[in-house]
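Under numbering that gives the first Met the number 0, think of the first position of the sequence shown as 0, with each following residue one higher.
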Amino acid sequence: MSKEIHLTMDIPTTKFPQPIINSSRLALDTINQKPAQGIPSWLLHIMQHEIIERLAGTEPGSYKREPDKVYLQMQHRIGTCLLDQYLADNPLTMGNAGFEGTSPRTATTGEEAIYLDGILINSPEAVVTHLESFEFPRIKKAISEFNKAWRIHEIIQDEIKLQNKLGPDILKSGYGFVTFPILDYYKYGYTQYFSTYAHYPEVIEKHFSLQADLALLNNQAAAQAFSDAELPPLIRLDHDIADSHGTLVNPRSLDRLWFPHFARCLEPLLQSDIRMIWHCDGNLMEMVPRLLEAGLRGFQGFQYEDGMDYEQICQLNDREGRPLIIIAGVSVTRTLPFGNPQDVRKELNWLVNTGPQTGLFLGASSSIPPGAPWKNILTLVEGLKYFQTTGKEKT
0 MSKEIHLTMD IPTTKFPQPI INSSRLALDT INQKPAQGIP SWLLHIMQHE
50 IIERLAGTEP GSYKREPDKV YLQMQHRIGT CLLDQYLADN PLTMGNAGFE
100 GTSPRTATTG EEAIYLDGIL INSPEAVVTH LESFEFPRIK KAISEFNKAW
150 RIHEIIQDEI KLQNKLGPDI LKSGYGFVTF PILDYYKYGY TQYFSTYAHY
200 PEVIEKHFSL QADLALLNNQ AAAQAFSDAE LPPLIRLDHD IADSHGTLVN
250 PRSLDRLWFP HFARCLEPLL QSDIRMIWHC DGNLMEMVPR LLEAGLRGFQ
300 GFQYEDGMDY EQICQLNDRE GRPLIIIAGV SVTRTLPFGN PQDVRKELNW
350 LVNTGPQTGL FLGASSSIPP GAPWKNILTL VEGLKYFQTT GKEKT
């Protein structure tokens with residue numbers, strides 16, 4: 000049977016396994032913003048191998064030998080209720096003391112010369128040439144060949160496979176299979192991409208438009224997958240679009256070039272009760288109202304020290320007037336590496352007491368890099384377990 004015939008056949012739908020354990024049911028109730036006794040824990044992504052091993056209860060060196068097994072065991076032992084992105088191998092990119100320089104350099108991590116399809120990307124004009132000669136045709140080809148039935152099947156099977164791997168006490172929510180236009184500095188490098196953004200906005204907008212055309216097809220399939228398989232109605236969208244000072248480009252230019260295409264490709268999901276939340280890096284405050292107006296329903300990951308006003312954000316509603324879903328976390332750039340256990344407890348209490356009444360998850364603000372003291376991480380884990388049981392009572 001040829002691939003073309005196979006891909007157009009009807010593919011049977013499989014239902015996502017519904018939570019039967021208290022921890023995963025707590026996560027689903029919180030996604031649905033039902034009143035709950037406890038506050039569920041979002042995954043802790045810890046990068047230091049010996050910390051992973053201590054939390055997993057395994058011997059030194061076990062993570063490198065069996066990263067998948069040890070990482071998953073850690074998530075179970077620390078009481079993770081909700082996991083969207085599974086990153087068991089990611090800490091292998093670092094050692095116990097941090098980045099060891101063994102990963103290949105990329106366009107955003109110091110690659111000396113960027114070549115794409117034989118073109119040296121050394122000017123805005125080179126970016127335009129590559130976009131028009133290679134990237135635009137690639138996207139158009141992907142649009143013409145898009146198979147909705149197969150994409151629905153792929154999303155459902157991937158989500159069910161990972162849920163079965165996690166087991167019944169951790170709920171798998173969505174990550175990565177809803178798409179939208181991105182600022183493609185990952186491919187072209189910061190200097191050349193943002194120079195192109197400034198000098199050739201019409202080309203950049205065409206790139207956003209084509210990406211959105213393809214994303215619209217994908218997101219129609221994603222919305223159908225949510226419905227057919229009864230997936231947990233939460234997905235986290237992730238694109239770093241700010242640094243410590245603010246957005247990487249002027250937000251008013253995004254209003255003109257990016258947001259119309261971003262919003263239109265999300266429409267299939269906005270027609271149902273799927274909750275899309277945004278991962279925040281840097282100071283994203285100017286983007287918050289814009290993202291809510293586009294239909295997002297919450298946020299994850301706050302760099303408080305960069306100006307993200309957690310208390311203000313938690314008081315906001317989505318564009319339909321509903322409270323937000325918030326995945327809050329103790330700071331991985333301030334409190335966990337440089338504070339003490341009392342600071343960790345104080346920040347957890349603050350996150351809980353000023354967070355929303357429903358729809359609140361707790362964890363760390365992002366990945367926890369090597370160097371955070373064991374006593375701080377242990378205090379965090381103990382605090383997360385405490386709030387799972389007591390809810391909004393103080394530690």
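Don't be surprised by glycine CBs; every beta carbon is placed ideally from N, CA and C.
Run of the alpha helix (DSSP H) containing residue i, from where it starts to where it stops
{"i": "VAL343", "result": "340–353"}
{"i": "MET73", "result": "66–76"}
{"i": "GLN191", "result": "189–198"}
{"i": "ILE142", "result": "135–143"}
{"i": "LEU130", "result": "Run containing LEU130: none; DSSP gives neither H nor E here."}
{"i": "ILE50", "result": "48–55"}
{"i": "GLU24", "result": "For clarity, residue 24 is Arg in the given sequence; the question names Glu instead. ARG24 -> alpha helix (DSSP H) spans 21–30."}
{"i": "ASN375", "result": "373–389"}
{"i": "LYS147", "result": "147–165"}
{"i": "LEU335", "result": "334–337"}
Residue i, buried or exposed, once every other Cβ within 10 Å from all chains shown has been counted against 16
{"i": "ALA197", "result": "exposed"}
{"i": "MET337", "result": "One detail in the question is off: residue 337 reads as Phe in this sequence, not Met. Classification for PHE337: exposed."}
{"i": "PHE386", "result": "buried"}
{"i": "GLN191", "result": "buried"}
{"i": "ALA214", "result": "buried"}
{"i": "LYS2", "result": "Bear in mind that a pLDDT of 39 at LYS2, under 50, signals an unreliable position, so the number given afterwards is only what the model happens to contain. Classification for LYS2: exposed."}
{"i": "GLN223", "result": "buried"}
{"i": "GLY60", "result": "exposed"}
{"i": "ILE324", "result": "buried"}
{"i": "GLN210", "result": "buried"}
{"i": "GLY56", "result": "exposed"}
{"i": "THR388", "result": "exposed"}
{"i": "SER23", "result": "buried"}
{"i": "GLY78", "result": "buried"}
{"i": "ARG137", "result": "exposed"}
{"i": "GLN341", "result": "exposed"}
{"i": "ASN375", "result": "buried"}
{"i": "ASP308", "result": "exposed"}
{"i": "ILE155", "result": "buried"}
{"i": "ASP119", "result": "The residue you asked about is not Asp; residue 119 is Leu in the sequence shown. So LEU119 counts as exposed."}
{"i": "LEU86", "result": "exposed"}
{"i": "ASP272", "result": "exposed"}
{"i": "GLU58", "result": "exposed"}
{"i": "CYS264", "result": "buried"}
{"i": "MET8", "result": "Confidence at MET8 is low in this model, with a pLDDT of 45, below 50, so the placement of that residue is unreliable and no value is reported for it."}
{"i": "HIS244", "result": "exposed"}
{"i": "ARG64", "result": "exposed"}
Beta strand (DSSP E) segment containing residue i, residue limits
{"i": "LEU359", "result": "359–363"}
{"i": "ILE326", "result": "324–329"}
Expected contact under 8 angstroms - CB spacing of residue i and residue j to nearest Å
{"i": "ALA371", "j": "GLY328", "result": "ALA371 to GLY328, Cβ: 13 angstroms. No contact."}
{"i": "LEU291", "j": "LEU315", "result": "7 angstroms"}
{"i": "HIS278", "j": "ASP237", "result": "4 angstroms"}
{"i": "SER172", "j": "ILE30", "result": "7 angstroms"}
{"i": "ALA220", "j": "LEU268", "result": "With a Cβ gap of about 11 angstroms, ALA220 and LEU268 do not count as contacting."}
{"i": "LYS186", "j": "ALA106", "result": "6 angstroms"}
{"i": "GLY358", "j": "GLN32", "result": "4 angstroms"}
{"i": "ARG53", "j": "TRP373", "result": "7 angstroms"}
{"i": "TYR174", "j": "ASP67", "result": "At roughly 18 angstroms, the Cβ-Cβ gap does not stay under 8 angstroms, so TYR174 and ASP67 are not in contact."}
{"i": "ARG296", "j": "ARG321", "result": "7 angstroms"}
{"i": "ARG318", "j": "GLY294", "result": "6 angstroms"}
Within-8 angstroms CB hit, residue i to chain D
{"i": "TRP349", "result": "You won't find chain D in this structure, because it holds only one protein chain."}
Which runs of the beta strand (DSSP E) at least 3 residues long sit entirely within the segment 232–312? Give them in chain order. Runs of the beta strand (DSSP E) spanning 3 or more residues and lying entirely within the segment 232–312 occur at 233–236, 274–278 and 297–299, in chain order.
Please determine if the segment 40–60 and the segment 375–382 are in contact, where contact requires at least 3 C-beta pairs separated by less than 8 angstroms. Proximity of the segment 40–60 to the segment 375–382 meets the contact definition, three or more beta-carbon pairs being nearer than 8 angstroms.
Note down, one range per segment and in chain order, each alpha helix (DSSP H) of at least 4 residues found wholly within the segment 85–123. Not a single unbroken stretch of the alpha helix (DSSP H) spanning 4 or more residues falls wholly within the segment 85–123.
With three or more C-beta pairs closer than 8 angstroms as the rule, is the segment 67–79 touching the segment 114–130? Contact between the segment 114–130 and the segment 67–79 is absent: fewer than three C-beta pairs spanning the two stretches fall below 8 angstroms.
Would you check if the segment 288–303 and the segment 345–364 touch, i.e. whether three or more CB-CB distances between them fall below 8 angstroms? Under the 8 angstroms Cβ criterion, the segment 345–364 counts as touching the segment 288–303, having at least three qualifying pairs.
Closer than 8 angstroms is the cut-off here; do at least three beta carbon pairs connect the segment 87–99 with the segment 170–188? Flag = no, the segment 87–99 and the segment 170–188 do not touch.
Three-pair Cβ contact test at 8 angstroms for the segment 225–236 versus the segment 256–273: Touching, per the Cβ criterion.
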